[in-house]
Amino acid sequence: MKLVDYVRRNFMEWWKERVLYQIYPRSFNDTTNNGYGDINGITEKLDYLKELGIGIIWLSPVYNSPDFDNGYDISDYYGINPKFGTMEDMDLLLAEARKRDIKIVMDLVINHTSSENEWFKKSVMGIEPYKDFYIWRKGKGKKRPNNWTSFFSGPAWTYAKERDEYYLHLFAPEQPDLNYQNPRVLDEVKKIITFWLDKGVSGFRCDVINILFKNTLENGKAQLALKGLEHYLSTEGNHRILKELRKDVFDNYDCFTVGETVLVTPKTARELTDNELNMVFSFEHMECDQFLLKWFKRKFNKKKFFNTLVKWQYELDWNANYFENHDQLRSVSRFGNDKEYHKESAKALCMLLLSLKGTPFLYQGEEIGMTNFDYKSLADLQDVESHMIDSFLKKLLVPKFIRWNRFLKKSSRDNVRTPMQWSDYDNAGFTDGTPWLKVNGNYKDINVIKQQNEEDSILSFYKKMIYLRNTSDVLKQGDFKEFVIKKDVFGFYRIYKDVNYLVLINLSRHNRLVPVEGKIVISNYETNEYNGILKPYEGIILEDRL
Ligand code: ISL
């Protein structure tokens, strides 16, 4: 048996043991006052993260990029976006993180590049070997090559007069899709991954990693919201690519991969984690407050949320658990109550997240209960997706008032991208310049410094809960078993050897009866005794010895 396989079988992998924290660099901490967070700003906060109990940081893209999609459009995979600093800054961050035993994971965006990437510029000109690095097709008469649509709305093809051809982009036109039918593309991707692993990064969060390989370019079924999906979702070719990357690159390093996997089901998730990725993000629990698409919001269905979490706990050996990321809304505003029960509900969600089986992923600001933003108009929004959706709805003659109130304000990704709230100084202590995106007006109440000084703050509870998770084999390794799901209450066991933790979470503003007994391990109400009634948004862990 290879040593690496022996270690894998007999020890818990480090990426299962540690709590991960996602940083959205442009909104984290600005040390140059250009209005954008930067790499030195992250280094400056490593002690904060260490004290919080974080073991892995995932950086949203810091590569060179014209920033049409905030770095998810990469123009040079080997360079650092000057807004964020230099490669020396990056090396320093890696070294300082290593000193503190914090691992750094990068974002890997390889479905598409930026249209300003040299590869694309040469491809447009037909220059070899880049001519077929992207997916080019002639139009059908005056029409586009097929009916596929983009994730950001509208057609997935844009015409380039230089070649008298269209290129495919499943996202914005500034994000052309790479052509994985061309083996040279994967060779380049391997070089990129190797470069960063050699630099000392410990893995990758792999952006839309199950839509790389397009089987055919036939028309998509008319009824699907995303036309063309059936031709590129988790295809055999995609599996081949991921297996090859695992065998030729990832397996040579002590690293891990988590896939951002579009429309994944437990079955496809298992296929993607069998000798390919280490874990995947599912989106199913993020769909419990919407009809079909996130733009059609409905009341949060807690029961569905709990049942979905249970389903994934049973179906996969290991989950990547999260309630927030840079594309979603703030969880306390979405699944909790950011008004009367801000503190209680943020803590209850914290307990839930950290006691499910799997690797917990926090997103910056979640640990202080940051909320959605009260945007006043489209001019406040920076996100390319929001602007594309707005133009799309405009073409459908949807009135401005409805576009704004029903769709954009409620669902824009900028809700979660506002700058980190460090203090009650100007701009929440994020920058002394003008922040690239407005700071949430509630920063005087919700900020790190204030919560560091309060024993019962959300931040203090995160610290306690992360400490518990970091030191408890029950929470790290215990089996998951459902206990009860009521309309508002979620209860489950974590069982390890002879210890049994019962986790009870009430996600409502009402008292809820759950008559059980046990010694309290932790409670978000700091109670020492449980009398069988869960208070509003109370979360509690009780211990039973079997
Ligand atoms: O955010 C979404 C819908 O509003 C998702 O559909 C999202 O586009 C999808 O999950 C893919 O997201 C990833 O790739 C995008 C980028 O914009 C996102 O920020 C990234 O997380 C394109 O690279």
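Under the numbering used here, the residues of the sequence shown are numbered 1 to 546, in order.
Yeah, the Cβ is synthetic: ideal placement off N, Cα and C, and Gly gets one too.
Because the structure is a prediction, the values reported are computed rather than measured.
Residues bridged to residue i by DSSP?
i	result
glutamate 581	The structure shown does not extend to residue 581, since the chain is modelled only from 1 through 546, so no value can be given for it.
tryptophan 157	Leu168
leucine 393	For leucine 393, which the question treats as bridged, DSSP gives no partner whatsoever.
isoleucine 540	Leu504 and Ser523
aspartate 56	First, the residue type needs correcting, since residue 56 is isoleucine and not aspartate in the sequence shown. Isoleucine 56 is bridged to Leu20 and Lys103.
glycine 203	Phe256
threonine 149	Pro155
leucine 408	DSSP, once it has assigned bridges, lists no residue as partnering leucine 408.
aspartate 402	Rather than aspartate, the amino acid found at residue 402 in this sequence is isoleucine. BP columns for isoleucine 402 are empty, so no partner.
glutamine 290	Lys297
Who are the near neighbours of residue i in its chain, counting only those whose CB is closer than 6 Å to its CB and skipping five residues on each side?
i	result
glutamate 366	Glu324
tyrosine 443	Gln421 and Ala428
lysine 376	none
asparagine 470	Gly53
aspartate 424	Lys444 and Asn447
leucine 356	Asn321
What is the residue span of the beta strand (DSSP E) that residue i lies within?
i	result
lysine 103	103-108
methionine 279	279-281
leucine 459	First-last for leucine 459: 458-471, but that is the alpha helix (DSSP H), not the beta strand (DSSP E).
serine 581	A question about residue 581 goes unanswered here, because the residues of the chain that appear run from 1 up to 546.
leucine 502	499-506
asparagine 321	320-322
lysine 297	293-297
proline 360	359-363
In the DSSP assignment, find the unbroken alpha helix (DSSP H) run with residue i in it and report its ends.
i	result
valine 547	Given a span of 1 to 546 for the chain in the structure shown, any question on residue 547 remains unanswerable.
arginine 26	It is not in any alpha helix (DSSP H) - arginine 26 carries neither H nor E in the DSSP assignment.
glutamate 455	Taken as a continuous stretch (DSSP letters only), glutamate 455 belongs to no alpha helix (DSSP H), as it is neither H nor E.
By the three-class DSSP mapping on this structure, what secondary structure does residue i have?
i	result
asparagine 415	helix
isoleucine 74	coil
arginine 246	helix
aspartate 445	coil
lysine 143	strand
proline 61	coil
aspartate 177	strand
histidine 112	strand
threonine 434	coil
tyrosine 134	strand
arginine 512	strand
glycine 532	coil
glycine 41	helix
isoleucine 80	strand
methionine 370	coil
aspartate 47	helix
glutamate 271	helix
methionine 90	helix
Residues in the same chain with beta-carbon distance under 7 Å from residue i, minus the five sequence neighbours each way, listed in chain order, please.
i	result
lysine 122	Tyr130
leucine 349	Phe323, Ser331, Val332, Phe335 and Gly336
glutamate 182	Sequence inspection shows asparagine at residue 182; the glutamate mentioned does not correspond to that position. So the list reads Asp132 and Phe133, once near-sequence residues are dropped.
asparagine 528	Ile520
phenylalanine 342	Looking at the sequence shown, residue 342 is not phenylalanine but histidine. Cβ within range, chain order: Val332 and Gly369.
leucine 329	Asn372, Asn415 and Val416
glutamate 276	His239, Leu242, Lys243 and Arg246
tryptophan 119	Thr113, Tyr130 and Phe133
When the distance is taken between beta carbons, is residue j closer than 8 Å to residue i?
i	j	result
proline 25	isoleucine 39	yes
alanine 428	tryptophan 422	yes
alanine 160	tryptophan 148	no
phenylalanine 300	histidine 285	no
leucine 93	glycine 200	no
leucine 507	arginine 494	no
serine 153	serine 114	no
phenylalanine 171	serine 202	no
isoleucine 110	valine 189	yes
leucine 504	isoleucine 540	yes
isoleucine 550	valine 19	Coverage of the chain is limited to positions 1 through 546, which leaves residue 550 absent and any answer about it impossible.
histidine 112	proline 176	yes
isoleucine 209	threonine 261	yes
serine 548	aspartate 383	It is not possible to answer for residue 548, since the shown part of the chain is limited to 1 through 546.
asparagine 33	threonine 431	yes
glycine 550	asparagine 215	Only positions 1 to 546 of the chain appear in this structure, which leaves residue 550 out of reach.
lysine 487	lysine 303	yes
lysine 481	phenylalanine 490	no
With a CB to CB cut of under 8 Å and the five nearest residues on each side skipped, what residues in its chain are close to residue i?
i	result
glutamate 162	Val124, Met125 and Gly126
tyrosine 166	Trp136, Arg137, Lys138, Gly139, Arg144, Pro145, Trp157, Thr158, Tyr159 and Ala160
asparagine 511	Ile533, Leu534, Lys535 and Pro536
leucine 186	Tyr180, Ile241, Glu244 and Leu245
leucine 381	Tyr375, His387, Leu408, Ser412 and Asp414
phenylalanine 296	Gln290
Closest Cβ-Cβ distance between residue i and chain C: below 8 Å?
i	result
glutamate 271	No chain C is part of this structure, which consists of one protein chain only.
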